[in-house]
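Residue numbers (my numbering), protein chains in the order written: chain A, 1 to 214; chain B, 215 to 224.
Reading through the structure tokens given below for one structure.
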Amino acid sequence: MNLFRLAGDMSHLFSIVLILLKIYTSKSCAGLSMKTQELYTLVFVTRYLDLFYSYVSLYNTVMKLIFLASSFGILWYMRYHKQVKQTYDREQDTFRHYILVVPCAVLALIVNNELSVTEVLWTFSIYLEAVAILPQLVLLQRTKNVDNLTGQYIFFLGAYRALYILNWIYRYWTEPKYRQYLVWAAGLVQTGLYADFFYYYLKSWQAGEKLRLP
Amino acid sequence: EPSKLEKDEL
């Protein structure tokens with residue numbers, strides 16, 4: 001495992017820690033999209049089914065379990081915690097799941113490495129992860145009040161993807177057999193979705209202000 | 215063979 005990959009994973013993990021910290025300390029999930037959290041949970045469940053049939057390393061297994069547990073934990077807080085659930089922006093978070101889930105499922109059935117249940121589900125998770133941030137970005141645009149932690153959460157989630165691209169470039173040169181075109185294409189799309197957000201985030205940061213969206 | 219690619223990333 002190279003440093004880019006490790007830094008990417010840590011950035012991903014850190015983004016999740018931030019969101020849990022925000023919810024736990026402020027007992028609020030204001031500004032967070034439950035739709036995005038549900039989509040990420042679906043991504044983890046469909047991708048990490050391989051926990052049952054393949055083993056790569058202890059590191060991978062532990063990280064997979066952490067991602068699964070934390071995504072269910074976040075959802076539990078947003079849905080069932082007495083105080084937290086009252087802070088959820090239900091009226092603003094109106095993005096429909098099927099708008100993303102259905103096209104990803106269809107695409108996974110058409111473009112995949114192998115037409116088997118596990119492989120199609122895995123491919124679906126790759127496509128869905130690429131676009132799962134959209135409800136969160138829409139919510140951000142709508143509410144405009146972005147607190148620091150939500151901004152940082154999205155920043156680290158974007159950083160995770162950018163670092164993975166560096167990891168792929170590194171692996172392209174160092175591992176001739178490693179060619180995951182499908183993953184790379186989805187990863188590029190996913191990182192692209194953050195471009196706009198990054199621009200405003202860095203601008204606000206430079207100006208030493210809170211993140212403001214136009 | 216693409217399907218035999220090891221899925222070693224998260």
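From the three backbone atoms N, C-alpha and C, an ideal C-beta is built for every residue, glycine too.
Closest Cα partner of residue i within the set the options
{"i": "Y127/A", "options": "Y164/A, G73/A, V189/A", "result": "V189/A"}
{"i": "Y160/A", "options": "K203/A, L3/A, M10/A", "result": "M10/A"}
{"i": "Q136/A", "options": "K82/A, S33/A, L18/A, L20/A", "result": "S33/A"}
{"i": "Q37/A", "options": "L182/A, I169/A, G73/A, L149/A", "result": "G73/A"}
{"i": "V101/A", "options": "V117/A, Q83/A, L121/A", "result": "L121/A"}
{"i": "G153/A", "options": "L51/A, R179/A, L211/A, T118/A", "result": "Gly is not the amino acid found at residue 153/A; the sequence shown has Tyr there. When each option's Cα is compared against that of Y153/A, the closest is L211/A."}
{"i": "L42/A", "options": "S57/A, L75/A, V56/A, P214/A", "result": "L75/A"}
{"i": "G158/A", "options": "E209/A, L20/A, F95/A, I133/A", "result": "I133/A"}
{"i": "F95/A", "options": "Q141/A, I16/A, F155/A, E175/A", "result": "Q141/A"}
Buried or exposed by the 16-neighbour rule on C-beta atoms within 10 Å, applied to residue i
{"i": "G151/A", "result": "buried"}
{"i": "N60/A", "result": "buried"}
{"i": "I187/A", "result": "The sequence as given places Gly at residue 187/A; Ile does not occur at that position. Buried, by the Cβ-count rule."}
{"i": "P214/A", "result": "exposed"}
Pairwise C-alpha distance: residue j and residue i
{"i": "A108/A", "j": "Y201/A", "result": "33 Å"}
Neighbourhood of residue i by C-beta distance below 7 Å, restricted to the same chain and skipping five residues each side
{"i": "G8/A", "result": "Y160, L163, Y164, N167"}
Other residues of its chain near residue i: CB distance less than 8 Å, five sequence neighbours each side excluded
{"i": "Y178/A", "result": "R171, Y172"}
{"i": "L21/A", "result": "L149"}
Practice problem: Could you name the residues of the stretch 63-74 of chain A whose beta carbon sits closer than 9 Å to any beta carbon of chain B, in the order they occur along the chain? | Solution: Within the stretch 63-74 of chain A, the residues whose Cβ lies closer than 9 Å to some Cβ of chain B are M63, K64, F67, listed in chain order.
Quiz item: Mind listing which residues of the stretch 22-45 of chain A have their C-beta closer than 9 Å to chain B's C-betas, in chain order?
Solution: For the stretch 22-45 of chain A, which is checked against every Cβ of chain B, not one residue is closer than 9 Å.
Quiz prompt | Short-range partners of chain B found in the stretch 73-107 of chain A, where Cβ spacing is below 8 Å | solution = Answer set for the stretch 73-107 of chain A: empty.
Quiz item: Name the residues in the stretch 117-145 of chain A whose C-beta lies less than 9 Å from a C-beta of chain B; which are they?
Solution: Per Cβ criterion, the list reads E119, W122.
Quiz item: Which residues, in order along the stretch 1-16 of chain A, keep a beta-carbon less than 9 Å from a beta-carbon of chain B?
Solution: Contacts with chain B (Cβ-Cβ distance below 9 Å) from the stretch 1-16 of chain A involve M1, R5, G8, D9, H12, listed in chain order.
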